[in-house]
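S.K.: Counting in our numbering, the sequence shown runs from 50 upward without gaps. Quick reminder that beta carbons are idealized off the backbone N, C-alpha and C, glycines included. Quick one: this structure, given as structure tokens, is what I'll be asking you about.
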Amino acid sequence: MSAENRISIFAFPTRIVFGPGALRELGGETGRLGMKRPLLVTDRGVVGCGLADRVSAEAKRAGLSLTLFDGVSPNPVEQNVFDGLEKYRAGKCDGIIALGGGSALDTGKAVRLRVTHGLPLEEYDDLVNGGEKIGPDLPPMVAMPTTAGTGSEVGRSAVIILKATDRKTVIFSPYLIPRVAIADPELTLGMPPGLTAGTGLDALTHNVEAYLSLGYHPMCDAIALHGTRLAVRNLAAAVRDGKNLVARTEMMMAAMMGAVAFQKGLGAVHSLAHPLSSIANLHHGTANGILLPPVLEFNKLTSEERLRDIAPAMDLDVAGKSASEAADVVIERVRRLLKEVGIPDRLSAFGITREMIPALAKKAMEDGCRLLNPRPCSEADMVALYERSL
Ligand SMILES: [Zn+2]
50 MSAENRISIF AFPTRIVFGP GALRELGGET GRLGMKRPLL VTDRGVVGCG LADRVSAEAK
110 RAGLSLTLFD GVSPNPVEQN VFDGLEKYRA GKCDGIIALG GGSALDTGKA VRLRVTHGLP
170 LEEYDDLVNG GEKIGPDLPP MVAMPTTAGT GSEVGRSAVI ILKATDRKTV IFSPYLIPRV
230 AIADPELTLG MPPGLTAGTG LDALTHNVEA YLSLGYHPMC DAIALHGTRL AVRNLAAAVR
290 DGKNLVARTE MMMAAMMGAV AFQKGLGAVH SLAHPLSSIA NLHHGTANGI LLPPVLEFNK
350 LTSEERLRDI APAMDLDVAG KSASEAADVV IERVRRLLKE VGIPDRLSAF GITREMIPAL
410 AKKAMEDGCR LLNPRPCSEA DMVALYERSL
């Protein structure tokens, strides 16, 4: 894509409170937003590891009256949104604090939407330009990530499995961006190695896929390359030693940069990964990590130069190499990273079978992310990519 004859609209609007200990700013930030009775949207895992208690204590210290909703599923479904809304109304809430990984943050956004927007959720589906039906009159929201992966705290989308579409449905609007992201890497210190690896691979994939995607957005391109650098330098360290606060901090930044970068668009990795979660319940970031090398190989045909650009961001020396050779070095580095963080590079290791592929490929074609993949992909391509990842 080039800059000729093109008008583009860019925005980097999120207020971000970032760094170890940022949780202490919760009272100040909710105060600025006029929140007194927030709904805390989270899941049982976050409650179980004590993080919800820490946030509740901070909220209490700030004089907030908190209502807890911990009913978010690992891959959130619309019933979670309706249940959350019920709690919101019952608690007479005036805003939302979402605490958790992408599931809790996205559900928080969808509950927030639901407070003032009553159409069936499928009408807000990005694939039918549903974002145009979303106005600015949403209650305030503070997003607090407890993983370093989705970057949903700075993103404009909520991904929810809806009954009517029977797939991970993307609801996309600038009004869904949380008013404040409080990104405190201390909240990720207790994350187990497997989840650290899976979520971190999601962050890496966002940066890499955004860089390759067809959207025109040089500002996002620059962010994507540095986000890639932070992820490649720090993910294995964060997996090896969960208490490494420097690695945790850099990964949290890499995750936010990935989500900012994918304002530009994503690609086939995400279209292939989404059905693996909705049909086979595979962790989103783990699915991305496994699919990334084969999709990069597939995209080499159209994107050698762009793949070569990624080499320096991965601290790879490709001087004297052709674009094709440099692209191979980049893809090999991703494979090596998977090994370093202990994620098997085959979908079959997670119970995915050949028989599941036709249904998965059909769903992947319905997913909008693929539309900005640099190389167009047909259903047969999707089948082939699943087979190569099996
Ligand atoms: Zn993702």
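(1) Going by alpha carbons, who is nearest to Arg-278 out of Gly-391, Val-344, Val-383, Lys-313?
(2) From what residue to what residue does the alpha helix (DSSP H) around Val-383 run?
(3) What number of angstroms, rounded off, separates the C-alpha of Arg-403 from the C-alpha of Arg-395?
(4) Hey, quick one: how far does the alpha helix (DSSP H) through Phe-131 stretch, first residue to last?
(5) Any heavy atom of ligand 2 closer than 8 Å to the beta-carbon of His-255?
(6) Can you list, in chain order, the stretches of the beta strand (DSSP E) that have 3 or more residues and sit fully within the region 161–205?
(7) Expressed to the nearest angstrom, what Euclidean distance is found between the alpha-carbon atoms of Glu-299 and Gly-338?
(8) Taking only runs that begin and end inside the region 80–116, name each unbroken alpha helix (DSSP H) of 4 or more residues, in chain order.
(9) How many Å lie between Asp-173 and Leu-162 at the Cα?
(10) Considering only the beta carbon of each residue, do Leu-154 and Ser-201 sit closer than 9 Å?
(11) So for Met-50, helix, strand or coil by DSSP?
(12) I believe Pro-227 touches Gly-144 by the beta-carbon criterion, under 8 Å. Please report the beta-carbon distance rounded to the nearest angstrom.
(13) Excluding the 5 residues preceding and the 5 following Ala-322 in the sequence, name in chain order all residues of the same chain whose CB lies nearer than 7 Å to its CB.
(14) Whose CA, out of Leu-263, Ala-285, Glu-258, lies closest to the CA of Ile-273?
(15) Expressed to the nearest angstrom, what Euclidean distance is found between the alpha-carbon atoms of Ile-65 and Val-309?
(16) According to DSSP, simplified to helix, strand and coil, what is Ile-339?
(17) Are there 16 or more other CB atoms within 10 angstroms of the CB of Leu-253, so buried, or fewer, so exposed?
(18) With Ile-226 as the anchor, note down where its alpha helix (DSSP H) starts and where it stops.
(19) Starting from the C-beta of Thr-343, find all residues in its chain whose C-beta is less than 8 Å away, skip the five residues before and the five after it, and write them out in chain order.
(20) Give the C-beta separation of Thr-116 and Gly-140 to the nearest angstrom, bearing in mind that I take them to be a contact with Cβ-Cβ under 8 Å.
(21) Distance check for Ala-303 and Pro-267, CA to CA, integer angstroms please.
(22) Enumerate in chain order the residues of its own chain whose CB-to-CB distance from Tyr-74 is below 8 Å, with the five nearest sequence positions on each side excluded.
(23) What did DSSP end up calling Lys-313 once you bin it into helix, strand or coil?
M.R.: Walking through what the data contain:
(1) Across the set Gly-391, Val-344, Val-383, Lys-313, the C-alpha of Val-383 shows the shortest separation from the C-alpha of Arg-278.
(2) For Val-383, the enclosing alpha helix (DSSP H) covers residues 372–389.
(3) C-alpha separation (whole angstroms): 12 Å.
(4) Counting along the chain, the alpha helix (DSSP H) containing Phe-131 begins and ends at 127–139.
(5) By its list of ligands, the structure shown excludes ligand 2, since it contains just ligand 1.
(6) Those beta strand (DSSP E) runs which fall completely within the region 161–205 and span 3+ residues are 190–194.
(7) Approximately 19 Å, taken between the alpha carbons.
(8) Counting whole runs of 4 or more residues, the region 80–116 contains the alpha helix (DSSP H) stretches 93–97, 100–110.
(9) Note on residue identity: the sequence assigns Tyr, not Asp, to residue 173. For Tyr-173 and Leu-162, the distance between alpha carbons rounds to 10 Å.
(10) The answer is yes: Cβ separation under 9 Å.
(11) In this prediction, Met-50 has a pLDDT of 48, which is less than 50 and means its spatial position is unreliable; nothing more can be read from the coordinates.
(12) Going by Cβ atoms, the distance from Pro-227 to Gly-144 rounds to 10 Å, so no, they are not a contact pair.
(13) For Ala-322, where only same-chain residues beyond five positions count, the Cβ hits under 7 Å are His-333, Ala-336, Asn-337, Leu-340.
(14) What sits at residue 273 in the sequence shown is Ala, not Ile. Of Leu-263, Ala-285, Glu-258, the residue nearest in Cα terms is Glu-258.
(15) In a straight line, the C-alpha of Ile-65 is about 12 Å away from that of Val-309.
(16) Three-state result, Ile-339: helix.
(17) Per the 10 Å Cβ criterion, buried.
(18) Bounds of any alpha helix (DSSP H) do not take in Ile-226, whose DSSP letter is neither H nor E.
(19) With the sequence shown as reference, residue 343 is identified as Pro, and Thr is not the correct amino acid for it. Taken in chain order, the residues that qualify are Leu-434, Arg-437, Ser-438.
(20) About 3 Å separates the two Cβ atoms, so the contact holds.
(21) Take the alpha-carbon of Pro-267 and the one of Ala-303: they are about 18 Å apart.
(22) Note that residue 74 is Glu in the sequence shown, not Tyr. Short of 8 Å from the beta carbon of Glu-74, and not among the five residues preceding or following it, lie these beta carbons of its own chain, in chain order: Val-66, Ile-231.
(23) Look at Lys-313 here: in three-state DSSP terms it is coil, with no helix or strand label.
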